[in-house]
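Colleague:
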Amino acid sequence: MDRTTLARLLWPLAAAATLLPWTGSATALVGGALLALLLGNPYQALFKRWTSRLLAWSVIGLGAGMDLRVVLRAGFHGLGYTAVTILLTLALGIWLARRMGVAGNTGILVSAGTAICGGSAIAAVAPVLSAEEHETSVALGTVFLLNAAALVVFPAVGHLLHMDQAPFGFWSALAIHDTSSVVGAALSYGPKALEIAVTLKLARALWIVPVALGIGLVRKEGGKAKGKRPWFILGFLVAAALATYVPVLHQPGVMVARVARQGLVLTLFLIGSGLTAETLRKVGLRPFLHGLLLWILVGGATLGAVLAGLLHP
122 MDRTTLARLL WPLAAAATLL PWTGSATALV GGALLALLLG NPYQALFKRW TSRLLAWSVI
182 GLGAGMDLRV VLRAGFHGLG YTAVTILLTL ALGIWLARRM GVAGNTGILV SAGTAICGGS
242 AIAAVAPVLS AEEHETSVAL GTVFLLNAAA LVVFPAVGHL LHMDQAPFGF WSALAIHDTS
302 SVVGAALSYG PKALEIAVTL KLARALWIVP VALGIGLVRK EGGKAKGKRP WFILGFLVAA
362 ALATYVPVLH QPGVMVARVA RQGLVLTLFL IGSGLTAETL RKVGLRPFLH GLLLWILVGG
422 ATLGAVLAGL LHP
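Numbering (the working numbering) for the sequence shown: 122 to 434.
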């Protein structure tokens, strides 16, 4: 059996295995990445097309298992933290990019991805900046690698510091780039961590458009953000509202949320499948070091603030 045939057989089997209840988020992500690097992915275009869709529907499904009153209370409570941390992260990231000699728009894109929600923010800001394709690819690759690391590092740090689920979920939402990795890290930590992390991360995602427009004004481009709109946030709120205010839907909502959590594990496997040798080559050392340093500074500062009680859910 040649390598291509083996890959065509193994990928569907591995994807199906992620739907088993004992398959964890970190296992799925690492498994997808290892398969991609060792065998290549003959289904890469298909997986890429379905990743964003599956993530969106899984997040909506999570809403079916949550109380809307708790979701809104947490969202409004974190509004001030969100605005301050986004602005500080953007300013720090752009300053670091200049100091480290990261050329072009790459530093701004990585900073926006770190400040708000990873790849979605990069996709929205890139057209406003008239970013070149290679600049966007480098920024996305950098964020992808750090997201993969976060799925392993954050739960390990949380357990090492004996963090409760609530502060861990809060920290994850503030310091991990993409919604998928926030959900993955919190999912492995516990249900309370997941509820808080998803709520706060979706609240941060609402800032994509105003931040993109603001960057456009500062750069005097006057363009509009053309990135994908995070429509699944509305779906999440509608699902939570139905489960909260229609009693007969409460129990089915719990079952939907359980299926959605496993759907997120499959999503992380699909994300891992996108890690190729070409992605690693595109990133380059200097942009990656910029993204890594910014991530460590933001993650360390928010962790210290959460542990000190200055930021709390």
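Just so you know, even glycine gets a beta-carbon here, dropped at the ideal spot from N, CA and C. Please read these numbers as outputs of a predicted model, since none were measured by experiment.
#1: Please report the Cβ distance between residue 235 and residue 214, rounded to the nearest whole angstrom; I am assuming they are in contact, meaning their Cβ atoms lie under 8 Å.
#2: Can you give the Cα-Cα distance for residue 161 and residue 191, rounded to whole angstroms?
#3: When the Cβ atoms of the region 356–363 are set against those of the region 130–149, are three or more pairs found closer than 8 Å?
#4: Going by CA-CA distance only, name the one from 246, 244, 309 and 251 that's closest to residue 275.
#5: To the nearest angstrom, how far is the alpha carbon of residue 259 from that of residue 372?
#6: Since residue 409 and residue 263 should fall inside the 8 Å C-beta cutoff, what is the C-beta to C-beta distance between them, to a whole number of angstroms?
#7: Return helix, strand or coil for residue 171, following the three-state DSSP convention.
#8: Does the beta-carbon distance from residue 252 to residue 230 come in below 8 Å?
#9: Could you tell me the boundaries of the alpha helix (DSSP H) in which residue 237 lies?
#10: Given that a residue counts as buried once 16 or more other Cβ atoms are within 10 Å of its Cβ, and exposed if not, what is residue 141?
#11: Quick check: what's the CA-CA separation for residue 256 versus residue 429?
#12: Among the residues of its own chain, which have a CB less than 6 Å from the CB of residue 242, if the five just before and after it don't count?
#13: Got a sec? Which residues, its chain only, sit under 7 Å from residue 148 by beta carbon, not counting five neighbours each side?
#14: Residues in its own chain within less than 6 Å of residue 171 by CB, not counting five upstream and five downstream?
#15: With distance defined between alpha-carbon atoms, name the residue in 224, 130, 411 and 318 nearest to residue 297.
Modeller: From the atom records:
#1: 6 Å
#2: 43 Å
#3: no
#4: 309
#5: 44 Å
#6: 5 Å
#7: helix
#8: yes
#9: Note, residue 237: premise wrong, no alpha helix (DSSP H); not H, not E.
#10: exposed
#11: 37 Å
#12: 233, 234 and 329
#13: none
#14: none
#15: 318
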